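Chains A and B, in that order, are what the protein sequence lines are. Per the working numbering, residue 1 is the first one in the first sequence, and the count goes up by one each step. Per the working numbering, residue 1001 is the first one in the second sequence, and the count goes up by one each step. By construction, the Cβ of each residue, glycine as well, lies at the ideal position given by its N, Cα and C atoms. What you are looking at is a predicted structure, and each value in this text was computed from that prediction instead of being measured. Have a look at the structure below before the remarks.
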Amino acid sequence: TPTCEPETPLCCRRDHYVDFQELGWQDWILQPEGYQLNYCSGQCPPHLAGSPGIAASFHSAVFNLLKANNPWPLGTSCCVPTARRPLSILYLDRDGNVVKTDVPDMVVEACGCS
Amino acid sequence: QGAGAVCPSCGGPTLAPQAERALVLELAKQQILDGLHLTSRPRIIHPLPQAALTRALRRLQPGSMAPVNGEEIISFAANTESSTATCSSMLTFHLSTPQFHHLYYARLWLHVRPTLPGTLYVRIFHWGPRRKRQGSRTLLAEHQMTTPGWHALALPSSGLRGEESGVLKLQLDCRPLEGNNSAARPPRRLLNTTGDQRPFLELKIQPNEPGAGRTRRR
C-alpha cells in the first residue's frame, strides 16, 4: 500500500508517529517511546473494490476491470486495514507494578478496498 | 460527523493538518487504553526508584514476546514488616490481577547481603486472612542460598491466589545454617527488604482457556 501523499486521492495508508511524551504519558508507559498510529483513507472506486491493496496481482486487476464494465448495484467500497501487527508495551499499572503485554492488531501495516 | 460528511476512509474530504494531528492524538489515547483494557490512565502515586525499575526491565527479557494476550508482571514489595531477627519479614504486594486470568509462572527475587555468614535457609509462606483475628499461613517453598546477591526463588503459582482486595502477603521465615557459634553473634540483617534492592515478584499470567472453569467443575 502506498503511503498517502497529499495529492493521492486513492485508498492509501496515512502514517502518524505518536510520541508518548506528546501525550504526557511517558511517566507510566516505559517502553516503547511511541508508536506508529497509521490509518487508511482515500477513495475506492468500483474497479478497486475488493482489491487487497493497490499492489494487487494482475488477475485481480483484470477481475476489477471486468467488474467496472459491468457495474454491480452501487455499494460504497471503503479503504480499510488489510494487515496489522501487535505492539509490545511495558507500563506501570495503578499499583506501581511493571506490566509487559502485547496488544494485538495495534499497528496498521497495509490498506485495501473493502 | 456533520450531515453529508463522509468518513475519510470512503473518499470523504481530508482534514486540515492541525485538526488531523489533534484527532490522531485523541485516537492514540483511546486505542492504547482500549488495548490495555483500562478506562483511564493510571495515576502513579509512588514512583519507583530508577535502579529498581532498571533491574525490573532487565528481568522482563526485552524482545521476548509476552504470551499471546498474556502479561508479564513485576510487582515490588510495597511495605515490609521486618522482625528484629536476622531476616524474617512479611512482604506485601498489591496485585490487581485481572479476573479470569491464569497465573502460570511465579518467582520471588530476594537480595542477600554480603554479610551472609554461610548458608541461608529460607521458608516462604502465603499469609492469608482468616475470619478470626490472626491470619493463617501456608508453606509455599523452601530454599537454601549460599551466595550473596540476587536469587530467584520459584514459587508454586497455584499457591499465589491474590485476595479479593488485590493484596498478597508472603511471610519469609529464615535463619542462617551454620555452626553453633551463631548463638554468640548478634543477629544481623541478611536480606535487603527496602530501597532499590527490595524483593519483587516476577509473574506471568494469561487469560483462562474458555470453559476452563467448566472443565474444573466437571
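Between residue i and residue j, what straight-line distance do the alpha-carbon atoms span, to the nearest angstrom?
i, j, result
"Cys-1174 (chain B)", "Leu-1120 (chain B)", "7 Å"
"Thr-1106 (chain B)", "His-1046 (chain B)", "In the sequence on display, residue 1106 (chain B) carries Ala and not Thr. Cα to Cα, Ala-1106 (chain B) sits roughly 24 Å from His-1046 (chain B)."
"Val-98 (chain A)", "Thr-1054 (chain B)", "11 Å"
"Thr-1147 (chain B)", "Trp-1109 (chain B)", "14 Å"
"Leu-1177 (chain B)", "Gln-1144 (chain B)", "9 Å"
"Met-106 (chain A)", "Glu-22 (chain A)", "19 Å"
"Arg-1123 (chain B)", "His-16 (chain A)", "52 Å"
"Tyr-1104 (chain B)", "Ile-1205 (chain B)", "6 Å"
"Thr-1115 (chain B)", "Gln-1171 (chain B)", "22 Å"
"Leu-1155 (chain B)", "Ala-1141 (chain B)", "6 Å"
"Ile-1044 (chain B)", "Pro-1199 (chain B)", "20 Å"
"Pro-32 (chain A)", "Glu-1020 (chain B)", "23 Å"
"Gly-1070 (chain B)", "Ser-1096 (chain B)", "15 Å"
"Ala-110 (chain A)", "Pro-1207 (chain B)", "29 Å"
"Ala-1056 (chain B)", "Pro-9 (chain A)", "48 Å"
Using a beta-carbon distance below 7 Å, is residue i in contact with chain B?
i, result
"Lys-100 (chain A)", "yes"
"Ala-55 (chain A)", "A caution first: Ala-55 (chain A) carries a pLDDT of 48, below 50, which makes its placement in the model unreliable, though a value can still be read off. Answer no: the Cβ-Cβ gap between Ala-55 (chain A) and chain B never drops below 7 Å."
"Asp-19 (chain A)", "no"
"Asp-15 (chain A)", "no"
Of all Cβ atoms in chain A, is any one closer than 7 Å to the Cβ of residue i?
i, result
"His-1143 (chain B)", "no"
"Gly-1159 (chain B)", "no"
"Ile-1074 (chain B)", "yes"
"Val-1024 (chain B)", "yes"
"Gly-1195 (chain B)", "no"
"Glu-1071 (chain B)", "yes"
"Ala-1052 (chain B)", "no"
"Ala-1106 (chain B)", "no"
"Ala-1028 (chain B)", "yes"
"Gly-1149 (chain B)", "no"
Helix, strand or coil, according to DSSP, for residue i in the structure here?
i, result
"Arg-94 (chain A)", "coil"
"Ile-1073 (chain B)", "strand"
"Tyr-21 (chain A)", "Here residue 21 (chain A) is Gln; the residue named in the question, Tyr, does not match the sequence. If DSSP states are grouped into helix, strand and coil, Gln-21 (chain A) belongs with the helices."
"Pro-1017 (chain B)", "helix"
"Arg-1189 (chain B)", "coil"
"Arg-1059 (chain B)", "helix"
"Asn-1180 (chain B)", "Bear in mind that the predicted position of Asn-1180 (chain B) carries a pLDDT of just 45, short of 50, making it unreliable; the figure below should be weighed with that in mind. Helix."
"Glu-109 (chain A)", "strand"
"Glu-1142 (chain B)", "strand"
"Glu-1202 (chain B)", "strand"
"Gln-31 (chain A)", "strand"
"Asp-1196 (chain B)", "helix"
"Ile-1032 (chain B)", "helix"
"Ser-1158 (chain B)", "helix"
For residue i, which option in the options has the closest C-alpha, if you only look at C-alpha atoms?
i, options, result
"Asp-1034 (chain B)", "A:Cys-111, A:Asp-102, A:Ser-114 and A:Gly-112", "A:Asp-102"
"Cys-78 (chain A)", "A:Cys-44, A:Asp-19, A:Tyr-91 and A:Asp-93", "A:Cys-44"
"Leu-1201 (chain B)", "B:Ser-1136, B:Val-1167 and B:Leu-1027", "B:Val-1167"
"Gly-1159 (chain B)", "B:Trp-1150, B:Phe-1125 and B:Leu-1190", "B:Phe-1125"
"Ser-1165 (chain B)", "A:Asp-95, A:Tyr-35 and A:Lys-100", "A:Asp-95"
"Arg-84 (chain A)", "A:Asn-38, A:Cys-113 and A:Thr-76", "A:Asn-38"
"Glu-7 (chain A)", "A:Ile-29, A:Pro-32 and A:Gly-42", "A:Gly-42"
"Asn-1192 (chain B)", "B:Gln-1018, B:Ile-1044, B:His-1111 and B:Pro-1207", "B:His-1111"
Using a Cβ cut-off of 7 Å, pull out every chain B residue sitting near residue i, in sequence order please.
i, result
"Val-108 (chain A)", "Near Val-108 (chain A) there are no residues of chain B at all, since even the closest Cβ is about 11 Å away, more than 7 Å."
So which residues on chain B does residue i lean against when the C-beta distance must stay under 9 Å?
i, result
"Gly-96 (chain A)", "Pro-1042, Ile-1044, Ile-1045, His-1046, Pro-1047, Leu-1048, Ser-1075, Phe-1076, Ala-1078 and His-1094"
Mind pulling the chain A residues with CB within less than 8 Å of residue i?
i, result
"Leu-1057 (chain B)", "Leu-30, Gln-31, Leu-90 and Val-98"
"Gln-1031 (chain B)", "Leu-37 and Met-106"
Give the residues of chain B in contact with residue i, contact being defined as C-beta atoms less than 8 Å apart.
i, result
"Glu-5 (chain A)", "Result: empty, since nearest Cβ-Cβ is about 11 Å, beyond 8 Å."
What does residue i reach in chain A if we use C-beta pairs closer than 7 Å?
i, result
"Gly-1035 (chain B)", "Val-103 and Met-106"
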